[in-house]
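Asks: Residue numbers for the sequence shown follow the numbering used here, so the first one is 3 and each next one is one higher.
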Amino acid sequence: MSAGLDRVHARIAAAAEQAGRDPAELTLVVVTKFFPAADVLRLAGLGVRDVGENRDQEAAAKATQIAQLADRAGLIAPRMHFIGQLQTNKAASVAGYAHLVHSLDRPKLARALSKAAVAGDRELGVLLQLGLDTDADAAQGRGGLPPAQARELADLVAELPGLVLRGVMGVAPLNAGGADAPDAATQAFARLRCVAKELVAQHPQAGLISAGMSGDLEQAVAAGATHLRVGSAILGSRPAHG
Ligand SMILES: *Cc1c(COP(=O)(O)O)cnc(C)c1O
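In structure tokens:
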């Protein structure tokens, strides 16, 4: 875990240098799905401040355990980022523990998160998840709003109480990085950055870009990402893909 974390920090530093960016602009979100709360505590002990989860049931249980373990160990509990597809009926739960929701992709979910944030008397940061697959069929099930609808959802979020629009998120197409499409991630992240620029012109506080995973974090840093969601390169392969 420690060696994986070191390697990823080195990759991020190299990518930042290559892109002429300050590594301090980059937030590493270690994706801990399928790994137990005890591993999150080990990460906290190694200085990790941000972790990502993609399923509410697992994340909610872990958030409670992490808080208890961190308290006992005298460590700061990492902030939890919610990065997975989210059902409306789980919005209240997620609003209770998430630091930032990366996967807001529809008006109904925005309204549910807003209601939950207001009920919990808090301000919840959200990113709009954009679909970056050029193939609409491939995009099905991977989540993400068509980029053409980003403006409308951003305007809605800006009006809803309890929510703060912080930026955008994207997942590169499945085939990205493959021999047949070496530039697919770069192209996808360029589309994401383009939408991000338009949004930030209207919503100045929405400058975050969550992009890049274990396989394509260099391309994401080059394309202006502020948040990198990295799992397997740090923690090893998961029992099953979530
Ligand atoms: C699992 C997951 C990641 C991390 O993927 P790795 O390839 O293990 O780094 C990033 N983003 C999302 C949305 C995920 O579900």
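Don't be surprised by glycine CBs; every beta carbon is placed ideally from N, CA and C.
Rounded to whole angstroms, what's the CA-CA distance from residue 168 to residue 154? Just pull it up for me.
Replies: If you take the alpha carbons of residue 168 and residue 154, they lie about 15 Å apart.
Asks: How far does the alpha helix (DSSP H) with residue 11 in it reach, from first residue to last?
Replies: Start and end: 4–21.
Asks: Return the CA-CA distance between residue 84 and residue 94, expressed in angstroms with no decimal places.
Replies: So the two alpha carbons sit approximately 13 Å from each other.
Asks: To the nearest angstrom, how far is the alpha carbon of residue 244 from that of residue 176?
Replies: Since pLDDT at residue 244 reaches only 46, below the 50 mark, its modelled position is unreliable, and the value read off the structure follows with that caveat. Their backbone Cα atoms lie some 14 Å apart in a straight line.
Asks: May I ask you to check if the CB of residue 233 is nearer than 7 Å to at least one heavy atom of ligand 1?
Replies: Correct: residue 233 has its Cβ closer than 7 Å to ligand 1.
Asks: Could you give the residue range of the alpha helix (DSSP H) that holds residue 191?
Replies: That run of the alpha helix (DSSP H) goes 186–204.
Asks: If we count the other Cβ atoms within 10 Å of its Cβ and call it buried at 16 or more, is residue 227 buried or exposed?
Replies: Its Cβ being crowded by 16 or more others within 10 Å, residue 227 is buried.
Asks: When you compare only the Cα positions, how much space is there between residue 10 and residue 52?
Replies: Each residue's Cα considered, the two are about 14 Å apart.
Asks: Going by DSSP in three states, residue 122 sits in which element: helix, strand or coil?
Replies: Coil, per DSSP.
Asks: If I'm right that residue 213 touches residue 172 with Cβ under 8 Å, what's the distance once you round it to whole angstroms?
Replies: About 5 Å; that satisfies the 8 Å criterion.
Asks: Buried or exposed, going by whether 16 or more other CB atoms sit within 10 Å of the CB of residue 55?
Replies: It counts as buried.
Asks: What do you reckon, is the C-beta of residue 211 under 7 Å from a heavy atom of ligand 1?
Replies: False, no ligand heavy atom lies under 7 Å from that Cβ.
Asks: Would you check if the region 158–168 and the region 198–209 touch, i.e. whether three or more CB-CB distances between them fall below 8 Å?
Replies: Flag = yes, the region 198–209 and the region 158–168 touch.
Asks: Which residues in the same chain as residue 72 place their Cβ atom closer than 7 Å to its Cβ, once the five residues preceding and following it in sequence are excluded?
Replies: For residue 72, where only same-chain residues beyond five positions count, the Cβ hits under 7 Å are 43, 46, 78, 79.
Asks: Count the other C-beta atoms from every protein chain shown that fall within 10 angstroms of the C-beta of residue 221, then say buried if there are 16 or more, exposed otherwise.
Replies: Its Cβ being crowded by 16 or more others within 10 Å, residue 221 is buried.
Asks: Quick one, are the C-beta atoms of residue 130 and residue 152 less than 8 Å apart?
Replies: Going by C-beta atoms, residue 130 is nearer than 8 Å to residue 152.
Asks: Do residue 105 and residue 88 have their CB atoms nearer than 8 Å?
Replies: Yes, these two residues count as a Cβ contact at 8 Å.
Asks: Is residue 91 near ligand 1, going by C-beta to nearest heavy atom under 7 Å?
Replies: Residue 91: no, Cβ never under 7 Å from ligand 1.
Asks: Report the residue from 14, 3, 7 whose alpha carbon sits nearest the alpha carbon of residue 224.
Replies: Residue 224 has its Cα closest to that of 14, out of 14, 3, 7.
Asks: Taking the alpha carbon of residue 136 as the point to measure from, which residue in 189, 76, 20, 203 has its own alpha carbon closest?
Replies: Of the candidates 189, 76, 20, 203, the one whose C-alpha sits nearest the C-alpha of residue 136 is 189.
Asks: As a quick exercise: from 218, 159, 201, 157, pick the residue whose alpha carbon is nearest that of residue 186.
Replies: For residue 186, the nearest C-alpha among the options comes from 218.
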